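Each remark here refers to the structure printed beneath this line.
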Amino acid sequence: LKKNTWPEKADGNLITYGWIFLVNTLLRNLLSNAAIKLTSNNLVVIGAGLQMLIFALNVTMLICLSPYKSRFVVKTESLLMTILFMILWCAVMKELLENHQDRHLYEEMIVRVNFIIT
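FYI, the numbering for the sequence shown is 64 to 181, going by the working numbering.
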């Protein structure tokens, strides 16, 4: 068995560290905060839709640019962002169905979406 240890010298490149700082820290956080601030009053579903677009853009950039040396890290971060997207999608569906004029027709779907979210 190969013993997993930290490398003697940190391996990474400008793209890797730039990605973490520019995309994950600045771009995603700034866009997310802007979406939340602009839609915090009564446009919650619109804000959630904007958040989903931000997550989708992040996953697309991860897949296209593959900024990390390890494919495992790229796949893991892509998977986590996709899961965040899906949870948010379920929350938006729940909100829209609960406010639908024919809500009684969708009670079973609302229960299922609640189960997925929790």
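The beta carbon of each residue, even a glycine, is placed where N, CA and C say it ideally should be. Keep in mind it's a predicted model, so treat the numbers as computed, not measured.
- Between M144 and F118, the CB-CB gap stays under 9 Å.
- At a cut-off of 4 residues, not a single continuous stretch assigned as alpha helix (DSSP H) sits fully inside the segment 108-145.
- Within the segment 77-101, the complete alpha helix (DSSP H) runs of at least 4 residues fall at 77-81 and 91-101.
- Taking C-beta atoms as the reference points, A111 and L151 count as a pair closer than 9 Å.
- Closest option to L142, judged by alpha-carbon separation, among A154, Q164 and I126: I126.
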